[in-house]
Amino acid sequence: MVSLNARSLGLAGAVVAIAIGVAVILARGVFDAGVTPPPTLAPLTIGATQGETASLILVAEQRGYFSDASLDVTIMPQPYGRIAAENLFSGTVDLATFTDFVFARNSRHHADLRLLASLVQAYTTHVVARRDHGITQPDDLRGRRVGVTAGTSGEFFLARFLLFHRLPADAINTVNLTPAAIIKALAAGTIDAAVTWQPHVHAVRQRLGDEMVTLTESFETPYYMLLVTTEPWLTGHREEATRFMRALARAQSYIRDNPDELKRLFKDHMNRDPAYIAATWDGWRIRLSLSQDVLTALEDQGDWMVENSLMSPAEVPRYLDMIDSDALSAVYPDAITLIQ
1 MVSLNARSLG
11 LAGAVVAIAI
21 GVAVILARGV
31 FDAGVTPPPT
41 LAPLTIGATQ
51 GETASLILVA
61 EQRGYFSDAS
71 LDVTIMPQPY
81 GRIAAENLFS
91 GTVDLATFTD
101 FVFARNSRHH
111 ADLRLLASLV
121 QAYTTHVVAR
131 RDHGITQPDD
141 LRGRRVGVTA
151 GTSGEFFLAR
161 FLLFHRLPAD
171 AINTVNLTPA
181 AIIKALAAGT
191 IDAAVTWQPH
201 VHAVRQRLGD
211 EMVTLTESFE
221 TPYYMLLVTT
231 EPWLTGHREE
241 ATRFMRALAR
251 AQSYIRDNPD
261 ELKRLFKDHM
271 NRDPAYIAAT
281 WDGWRIRLSL
291 SQDVLTALED
301 QGDWMVENSL
311 MSPAEVPRYL
321 DMIDSDALSA
331 VYPDAITLIQ
């Protein structure tokens with residue numbers, strides 16, 4: 001019986017030895033064939049404002065363009081741009097998306113901000129009001145309570161809207177509310193009107209129906225959703241920034257060739273209904289760019305902040321110096337139309 005066990009153990013040992021030998025040979029064959037392990041994905045976190053303005057980022061993620069670019073991208077959804085900016089300043093995210101106004105507003109205290117590209121030009125901000133409060137035209141806003149989200153593009157939009165209609169700023173009573181709170185306040189009637197953007201305008205329409213009136217038919221001005229980082233991060237991660245931009249450029253090409261897929265993204269990922277998509281479709285200009293219009297918008301906002309004592313003339317930066325076009329230039333040079 002002892003002799004049988006020894007024989008069995010000897011046979012098992014031989015099998016193990018053969019298996020190890022085969023594994024070594026196979027492994028040597030793999031490396032001899034030039035097969036290398038997959039590249040390590042570089043981690044990158046972006047704070048992206050929720051909604052249609054994140055379309056390029058979401059498409060790049062869903063289509064696998066980030067991983068193709070050797071990036072492990074974490075997308076942190078942000079309720080609106082001011083919060084995204086705060087997360088960028090705190091170091092919570094590497095990149096962020098927020099509007100041109102938020103960029104200009106924060107340039108005073110954050111000279112290391114760097115604008116990499118505009119992702120979207122959006123004509124989707126409106127001044128809306130309750131018709132049953134006796135408001136049917138801009139002049140009816142005198143003495144009324146008007147909701148606005150301070151520190152966002154809505155603040156600048158409202159100022160320009162009032163100027164366009166020759167209404168002094170003190171003709172209305174502004175109420176600082178978040179976008180979500182604006183919807184509730186208009187529905188409850190605790191404010192008379194508000195400036196907000198899509199999809200919040202549509203949410204107000206769903207609550208009020210025909211009692212909602214839009215006062216901006218004759219006043220259209222866009223905001224720009226920007227891709228932003230800081231100089232310290234960019235200095236150490238220029239290759240990652242370029243790869244990220246390349247993934248966005250691929251997403252833009254995909255959207256251009258497959259517009260119905262973008263509508264599907266709006267419907268399935270963002271839970272937009274077909275009526276909303278049809279009503280707002282032309283308001284979204286989704287494309288990578290660094291245009292003179294963006295620079296002009298930043299300079300106009302800087303001037304407005306000086307006029308409203310939010311900055312001194314000496315604190316207004318040279319916004320052109322805060323634009324870093326290297327990543328966009330490397331992958332899509334035709335998108336840059338800045339006058340240097």
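full-length UniProt numbering puts the first residue of the sequence shown at 1, with every later residue one more than the last. For each residue, glycine too, the CB sits at the ideal point set by N, CA and C.
So the candidates are the options; which of them puts its Cα closest to the Cα of residue i?
{"i": "S67", "options": "V213, A314, L44 and T125", "result": "L44"}
{"i": "P77", "options": "D326, L71, A69 and L88", "result": "L88"}
{"i": "A169", "options": "R130, A275 and R145", "result": "R145"}
{"i": "T190", "options": "K263, N173 and L298", "result": "N173"}
{"i": "S312", "options": "R105, Y65 and R63", "result": "R105"}
{"i": "T97", "options": "Y223, I339 and W281", "result": "Y223"}
{"i": "E211", "options": "A122, D132 and V175", "result": "D132"}
{"i": "V201", "options": "L320, R256 and I182", "result": "I182"}
{"i": "H110", "options": "P317, T196 and S325", "result": "P317"}
{"i": "V73", "options": "A84, Q50, G209 and L41", "result": "L41"}
{"i": "S329", "options": "P259, Y80 and L290", "result": "L290"}
{"i": "S107", "options": "E86, V93 and A122", "result": "E86"}
{"i": "T178", "options": "L167, V195, A171 and R166", "result": "V195"}
{"i": "V120", "options": "V204, T296, L227 and T337", "result": "L227"}
{"i": "A171", "options": "A203, A150, P138 and L186", "result": "P138"}
Exposed or buried, what is residue i when buried is set at 16 or more other beta-carbons lying within 10 Å of its beta-carbon?
{"i": "R82", "result": "buried"}
{"i": "T125", "result": "buried"}
{"i": "M1", "result": "For M1, the predicted model reports a pLDDT of 36, less than 50, meaning its position is unreliable and no value from the coordinates is stated."}
{"i": "L163", "result": "exposed"}
{"i": "L320", "result": "exposed"}
{"i": "P274", "result": "exposed"}
{"i": "R130", "result": "buried"}
{"i": "E61", "result": "buried"}
{"i": "I339", "result": "exposed"}
{"i": "S304", "result": "Here residue 304 is Trp; the residue named in the question, Ser, does not match the sequence. Buried: at least 16 other Cβ atoms inside 10 Å."}
{"i": "G134", "result": "exposed"}
{"i": "R256", "result": "exposed"}
{"i": "R272", "result": "buried"}
Our contact map puts residue i next to residue j with C-beta atoms below 8 Å; I'd like the distance itself, whole angstroms only.
{"i": "V294", "j": "S55", "result": "Not confirmed; about 18 Å, so no contact."}
{"i": "T152", "j": "V102", "result": "6 Å"}
{"i": "G47", "j": "A84", "result": "4 Å"}
{"i": "L116", "j": "A251", "result": "The pair is not a contact, with the Cβ atoms about 15 Å apart (cut-off 8 Å)."}
Sequence ranges, alpha helix (DSSP H) only - wholly within the region 287–331, length at least 4: 292–307 and 326–331
Inside the region 218–279 only - beta strand (DSSP E) runs reaching at least 3 residues: 223–230
Validate contact between the region 240–252 and the region 151–159 using beta carbons, cut 8 Å, 3 pairs: no
Ordered list of beta strand (DSSP E) runs contained in the region 96–151, each at least 3 residues: 113–122, 125–130 and 145–148
Start-end ranges of the beta strand (DSSP E) lying completely within the region 156–197, minimum 3 residues: 173–176 and 193–197
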